[in-house]
Amino acid sequence: MQLTETAEQRLQQELIVWLTTVTPTGRPQTSPVWFLWKGGEFLIYSLAETARVRNLRANPHVALNFDGDGVGGAVVTFEGVARIDDAAPPASAMPEYVEKYRDGMARNEWTPEVFSSRYSVPIRITPRRVRSW
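Take -16 as the starting number for the sequence shown in my numbering and just add one per residue.
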């Protein structure tokens, strides 16, 4: 999959990506999530008891998008396949993740260890298609 310069920049700079999963009845469900772009995949940590996790277990097909610029530009969307990765290290053991979200964790009064204990489900998403303009 070829990424545009815009997509590459957004993957490195953005703190939030919007993740859309599909409910068992076929409805889309979108949530803002923290992410790490590493090795051509998104790595997201989730609370265990969420609709997002239930949806992914039933249907791994997802979409992700960044906020645009408000006037129809800077659009980047991805379509891909998600999987729960039980072999992934906790967020607290990922220095680049901890550094990226240190301020967000502090605002919520979480240490990296507290965050990891709460957001304990690692989700990896392999994008299959990207669109950007």
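The beta-carbon is built from N, C-alpha and C at its ideal position, and this holds for glycine as well. All figures in this text were calculated on a predicted structure; none of them were measured in a lab.
Short of 8 Å in beta carbon distance, which residues of its chain neighbour residue i, apart from the five on each side in sequence? Order them along the chain.
i, result
"residue 12", "3, 4, 5, 6, 34, 35, 38"
If you compare alpha carbons, which of the options is closest to residue i?
i, options, result
"residue 99", "14, 75, 106, -15", "75"
"residue 43", "28, 102, 67", "67"
"residue 192", "-13, -9, -2, -11", "Any answer about residue 192 is impossible in this case: the structure gives the chain only from -16 up to 116."
"residue 50", "-14, -16, -10, 111", "-10"
"residue 77", "26, 32, 30", "26"
"residue 1", "47, -14, 24", "47"
By the three-class DSSP mapping on this structure, what secondary structure does residue i have?
i, result
"residue 54", "coil"
"residue -11", "helix"
"residue 7", "coil"
"residue -3", "coil"
Identify, in the order they occur along the chain, each residue of the same chain with its Cβ nearer than 6 Å to the Cβ of residue i, setting aside the five sequence neighbours on each side.
i, result
"residue 17", "84"
Would you call residue i buried or exposed, if buried means 16 or more other Cβ atoms sit within 10 Å of its Cβ?
i, result
"residue 112", "exposed"
Check: Which full runs of the beta strand (DSSP E) of 3+ residues lie inside the segment 26 to 88, going along the chain?
Finding: Listed in chain order, they are 44 to 48, 59 to 67.
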